[in-house]
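Heads up: the sequence shown runs through residues -27 to -1, 1 to 1005, numbered per mature numbering (1 follows the signal peptide of the UniProt record, and there is no 0). Every residue gets a Cβ at the ideal spot worked out from N, C-alpha and C, and that includes glycine. Beneath this line is the structure, given in C-alpha cells, with notes to follow.
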Amino acid sequence: MANITRSIKLLVPMIITCIVFLCPCNAYVAGQTEAEALFRWKQSFRNQSFFTSWLLTENVNSSSTISPCRWRGIACDNQGRVTNITLSYLSLQGTLEALNFSSFPYLIGLDLKYNYFTGIIPTNIGMISRVQYLDLSTNDLDGTIPLSLSNLTLVEELDLSRNNLTGQIPPTLFPTEQSTTGLIRIKRLLLQETFLDGPIPSTIGNCRNLTLIAFDDSQFSGHIPASMANLSELTILRLNQNYFTGEIPAFIGRLSKLTDLRLFVNEFSGHIPQEIGNLSAMTVLHLAENNFVGTLPPQVCQGGKLVNFSAAYNNFTGPIPISLRNCPDLYRVRLEHNQLTGDLDQAFGVYPNLNYIDLSYNQLGGELSANWGRSYNLSVLRIAGNSIRGEIPNNIFQLPNLVVLDLSSNRLHGNISSEVGQGLQLLELHMQNNLLSGQVPVHIGDLNDLQHLDFSNNSLTGPIPHEIGMCTNLLSLNLSNNQLTSQIPEEIGQLRQLQLFLDLSHNSLTGEIPPQLGQLINLQTLNLSYNNLNGTIPASLALIRSLQRVDFSHNELEGPLPESSAFSSFPSKDFSDNKDLCGKKTGMKPCKSTHISPFPTRGRKNCVKLILVVCLSSILPFLLVLTCSIIICKRYRMRKCKEHQVQKLNRSESMFTALNHDGKLMYKDIVQGTKNFDSTYCIGFGAYGRVYKAELPNGQVLAVKKLESGTKEKAALVAKSFMNEVKSLTEIRHRNIVKLYGFCLQDKMTFLVYEYMERGSLADVLYSNEGARELDWGKRVKIIKGVADALAYLHHSCLPSVVHRDISSKNVLLCSQLEARVSDFGTAKFLNPDSSNWTVLAGTYGYLAPAGNLLNAKAFNNLNVCVDGCVVKGRANVDDDEEEDECDGEEDDDTEFEPTSPVPKGEAPAGAPIIKEQTDVPDPKELTTETNPQNPSSSSSQNPTIGATYPFAHAQRLDYLFTLVMGHSEAMMEFAHEAHRRNGLEQWLTEKVDKALAGQMMIMEQLGDMTMALQKMNKNLTTLEDIMFQAC
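Here you go:
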C-alpha cells in the first residue's frame, strides 16, 4: 500500500508536466489544420490579391507553419484557435463547398457578404456548431436551405438574403417543444430578396428571442402563422412584396414592442384589427396595395410616434384616423386610391416634419386649410381627385421646400394667386379640372425649375403671359380647355426642353402661329386645335424631328403644310376644318405650283443682283467675324476644360492604379500581354478608343480599353469620359455591373482595365443567327433581370444616385454563363439629391427615353428603365432619315399615330409560340406604358413574372412606390421594369450606333435659329425689293 502511495506521488508531477506541455501542442496542431483548410480554400479563388498574407510558411526554405491568426480577415482566441472569418466586400469568386467547415470547431463568426460565391450552401456547414453570427448575404448561392443549419443552436443572427435560394423554409430549422436542435437562440433572421416560397413554418413561434424577421421581396405565400403570437420580443416584421393571403391576425396588436410592420404589396384581405392601435411604439406601418376593406384603426397613432404610414391602393372607407391629427412626428403619409370620406380640415393639423402626403382619389370634402402652409418641411402635396372646394391658400405657395403640388380634379375656385411665383423649388404644378378663373399670373415665369405645368379644364381668361418663356426647364405645358385669348407668345419658342406635349387647344387664341415654335426640337405632341389661328403653318416646324402627334384642326389656317416626313405621315384629319390648307396628302387639296412674280420680267434680274450685292456685302463680314470668334472661344474652353479635368484627376488619382494589384507590375504585364497594344489583340472599338484582350502571366484574362484623344476638342471629351468611368466603377459594386480592375493615366497613354467578358456584348449575340438561337426566352429574361437589377442598384442603392444615360445592347456584356454586366459609364451622371440635376443630351440616339435629353432628381431613374426595354427588345436606334420611334413601347389603337415598324434582323429564339408558358412574360398591354418620364414603372417594381426578386402584385400602380426606412430616411422602392413585347414577340432588331447623330441634334438646333433669322431677312429683302423695283 505504501509502495502504491509512493508511486502515485511520483506520477502526479509527471502527469501535470505532460498536461502543461501537451496543451499548447494540441493548440498548435489544431491551428495547423485550420491554416491548411483556409489555404486550400484560398487557392480556389480567382482573385488572390487580398490574400498576400495567407502563407503556410515564412519562406520556401522554412518548414515552420505560420499561424492563421496573423492572416488578414482571420481572428483567433487566446489559444490560437480561429474564431472569426471576415471576408466581406471583396468580390471573391469561388464556392463554399471548397471550405472544410469541420476544421473550425471554435468558429464564432463567419461573414462572407457581398461577394460572388456560387453553388450551394454545403451540408457540412452545420459542423460549425459554436457559430453565433452567420452572414452569407448578397452572393450568387443557389439551391435550398440545408437541414444541417438546425445544428447551429447558438446562432443569434442568420442572414441568407439576396441570393438565388429556392424551395421552402425547412420546418426543422426552428426548434420544437421536444427537440434540442434548431435556431433556439436566433434573434435576427433575414431571408429577403430570394426565390424562397411556400408558407412560413409554424415552428417559427418557438424562436422566442426573435427581434427581426425580414422575408420581404421573395415568393412566400399562405397565412401569417398563429404561433407568431409567442414572439413577444419582435420589433421589426417585414413581409412585404410576397403573396401572403388572409387577414391580419389580431395578435399582431399584442406584440407590444413592434415598431416596424411592413405588409405592403401582398394579397391580404379583410379588416384591419383595431388592436393595431395598441402598438404605442409603432413608427412605420405599411399596408398599401392589398385588398383590405373597412375603416382604418382610429388610434393608429395613439403613441404619437408614427413616422411613416401608408395604406394606399386598398378599399378602405370611412374617415381618416382621428389620431393622425395629433401625430407630430409624421414624415410620410400615403392614403391615395381608397374611398375615404370626411372633412379634410378636421383630419389633419400642423406637422413640422411632414415631407410627403398623398390623399389623391378619395371622397374627401371640405376646404384647403392654411395649416398646410405651416408644414414647412413639406415637399410633395397631392390631394387630386377629391371634392375639395374653396380657394387655394396663398401660403401654400410659400412653402420653401415644395416640389410637387397636385390639386387637380377638385372644385377649387377663385384666381390663381400671384404668390405662385414664390414656389421656387416647384417641379410639378397641377391644377387642371377645377373651377379656377382669372388670368394666368405673370409670376409663373419666376418658376425657373418647373418641369410640368397643367392648368387645363378651368375658366382662365386673358392672354398667355409672355413671362412663361422664362420657365425654360418645362417638359410639358397644358393650358387647354380654357378661355384664353390673344396671340400665342413667341417666347414659348424659348422652352427648348419641352418634350412631352404643348397643348393650347380649345381656347380663343388668334393671330399667326409663331415660327419660333420650330425651336422646340424635342417636342413630341403639339395641339393647337379649336382656336381662331390664321396664316400658315410655319415651315420651321419641319425641323422638329421628334414630333409624333399634331393637331391643327378647327382653325383659320391656310397655305401649304411644312415639307417633312413627319408632316407627311400625320393623318389629314389633324388639319381639317381650316380655311385653305393644302399639301401632298390624301384628303387634302394639292397646292398650286404656279407662281406669279410681283415684278415685270424686264429689269428684274438686275434689281435682284443689286439687292444681293448690297445685302451680302454687309452681312458676310459680320458672319465671318462671328464664326471666327465662336471657334476661338470654343477651342479655348475645350482646352481649359481638358487641363482642368486632367489636373483634377491627377490630384485625386495616381498615374497608374490597379485595384488589389501591384500597379507597376500589372502595367508591365498588360503592355506585354497585348504586345504594346498590337491590333491582333483588338476585340472591339468605340467612340473614344479600342478594346484589347490581355492575358497576364498568372493566366488571368483582362479587357483593356485604350483611350485615344486625337484632336484637342476630343481630348476634353475623352478626359471627361475617363473621369466618369473611374469615378463610377471605383465607387459602385454590383454583380451585374462590369468590374474595373485598374486604370492608367499618362501623357501618351490612357487606358482602363476591366474583367473580361467571354461572350462579348449583347449586340454581338443578338444580331447573329447562331447567337439569337442560343438565347432562348429564359436566358433573355435572365438578361433583362440582370440589367434591371443593375439599374435598380445605381438608382436607389448608390449615394449619390447614378444615371448610366447610355444603356444599349453594345454596353451590356455577357459572361460565359450569359449573365449580364452593364458597362461603359463614360456618360454616367452622379445626381445630387439637393439640386435639380439638369444635364444635356447624352447616350445613344434611338435608345433615349422620352425624357432622355433632360435629367432631374424627379425623373432620373425612369430614363435608364425605358432604355432597358429598347435593349432587350432588340430595337435598333434611329437612322438619320427615319422618324424617331421612342422606346415607350406604347401602341395606340388610333391608326393616325401608329409607330414606325422596326426592321428585324437575326433569328427569333426557338419556342416563340409557347413563350407565355416558358417564361410567363407579361404582355405589354397588361403593364403601364407611359411617355411621361415621371410615370413609367421603374426597375425595382418589376412584375413578378419577370423576376421573382421583385414580385409586385400590382405593378401598374406606379404612384405607390415610395417607402420610408425608419429614422426618417426615404427608401425608393418605386421603380419599374416594362417587358416590351408585342403579340408573337418581335424579333430582336439591329443596333446602329451613329456617333454623328448627337452632333446632328446640335446642328438641327442651330438650323432652327438660322431659319428664324433667314425668315426675318426674307421679309426685309421683300421690302427692299419693292423699293428697288420702284427705283428701277
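Segment limits, alpha helix (DSSP H) that includes residue i
i: residue 742; result: 742 to 747
i: residue 317; result: 317 to 320
i: residue 752; result: 750 to 769
i: residue 737; result: 735 to 739
i: residue 540; result: 538 to 542
Residues near residue i by beta carbon distance below 7 Å, same chain, minus five either side
i: residue 752; result: 791
i: residue -3; result: Residue placement at residue -3 cannot be trusted, given a pLDDT of 34 that sits under 50; the coordinates are not used to answer.
i: residue 697; result: 798, 799, 800, 801
Buried or exposed by the 16-neighbour rule on C-beta atoms within 10 Å, applied to residue i
i: residue 1028; result: As shown, the chain starts at -27 and ends at 1005. That puts residue 1028 outside it, with no answer to give.
i: residue 26; result: exposed
i: residue 456; result: exposed
i: residue 564; result: exposed
i: residue 853; result: Confidence at residue 853 is low in this model, with a pLDDT of 38, below 50, so its placement is unreliable and the value that follows should be read with caution. Residue 853 should be labelled exposed.
i: residue 259; result: buried
i: residue 98; result: buried
i: residue 501; result: buried
i: residue 595; result: exposed
i: residue 235; result: buried
i: residue 769; result: buried
i: residue 16; result: exposed
i: residue 373; result: exposed
i: residue 762; result: buried
Contact set for residue i: own chain, Cβ-Cβ below 8 Å, skip 5 residues either direction
i: residue 114; result: 69, 90, 91, 92, 93, 94, 133, 136, 137, 138
i: residue 40; result: 4, 8, 49, 53
Element boundaries [beta strand (DSSP E), containing residue i]
i: residue 394; result: It is not in any beta strand (DSSP E) - residue 394 carries neither H nor E in the DSSP assignment.
i: residue 656; result: 655 to 658
i: residue 50; result: Taken as a continuous stretch (DSSP letters only), residue 50 belongs to no beta strand (DSSP E), as it is neither H nor E.
i: residue 716; result: 713 to 718
i: residue 398; result: Counting along the chain, residue 398 falls outside any beta strand (DSSP E), and DSSP gives it neither H nor E.
i: residue 432; result: 432 to 436
i: residue 680; result: 674 to 680
i: residue 386; result: 384 to 388
i: residue 209; result: 209 to 211
i: residue 287; result: It is not in any beta strand (DSSP E) - residue 287 carries neither H nor E in the DSSP assignment.
i: residue 248; result: Per DSSP, residue 248 belongs to no beta strand (DSSP E) and is neither H nor E.
i: residue 458; result: 456 to 458
i: residue 283; result: 281 to 283
i: residue 30; result: Element bounds for residue 30: n/a, residue is neither H nor E.
DSSP-derived helix/strand/coil call for residue i
i: residue 106; result: strand
i: residue 480; result: coil
i: residue 449; result: strand
i: residue 177; result: helix
i: residue 503; result: coil
i: residue 665; result: strand
i: residue 723; result: strand
i: residue 6; result: helix
i: residue 403; result: strand
i: residue 71; result: coil
i: residue 368; result: helix
i: residue 214; result: coil
i: residue 465; result: helix
Same chain, Cβ closer than 6 Å to residue i, neighbours up to 5 away in sequence not counted
i: residue 359; result: 335, 337, 383
i: residue 44; result: 26, 27
i: residue 410; result: 432
i: residue 532; result: 509
i: residue 388; result: 411
i: residue 558; result: 545
i: residue 379; result: 355, 357, 403
Whole-angstrom C-beta distance between residue j and residue i, which should lie under 8 Å
i: residue 399; j: residue 422; result: 7 Å
i: residue 676; j: residue 727; result: 5 Å
i: residue 452; j: residue 429; result: 6 Å
Interface flag, residue i vs chain D, CB-CB below 8 Å
i: residue 676; result: No chain D is part of this structure, which consists of one protein chain only.
Residue i beta carbon near the ligand ATP (any heavy atom closer than 7 Å)
i: residue 544; result: As presented, the structure is devoid of all ligands, the ligand ATP included, so that no description of it is given.
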